[in-house]
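Novice: Numbering (numbering that gives the first Met the number 0), first residue to last: 0 to 41. Glycine included, each C-beta is placed from N, C-alpha and C at the ideal position. Please read these numbers as outputs of a predicted model, since none were measured by experiment.
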Amino acid sequence: MFLVHELAKQQIGQQEHKSWPIKGSIAVFLGLAYVALMLSHI
């Protein structure tokens, strides 16, 4: 899961100038999903 998160951040960084609003919302969604998964495992 951590690797997926890192890959997502790299993809967002590469395409930041093309479509920042879309990638930004995806980044927020992935971040929240990641936190939710971590919290659910506690």
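1) Have a look at P20 and G30 and give me their C-alpha separation to the nearest angstrom.
2) May I have the straight-line CA-CA distance separating H40 from V3, to the nearest angstrom?
3) Give a single yes or no on whether L29 has its beta carbon closer than 8 Å to a heavy atom of the ligand ADP.
4) Between the beta-carbon of A35 and the beta-carbon of K8, is there less than 9 Å?
Specialist: If we stick to the structure as given:
1) 15 Å
2) 18 Å
3) Among the components of this structure there are no ligands whatsoever, and the ligand ADP is therefore not found.
4) No, the pair does not count as a contact, with Cβ atoms beyond the cut-off.
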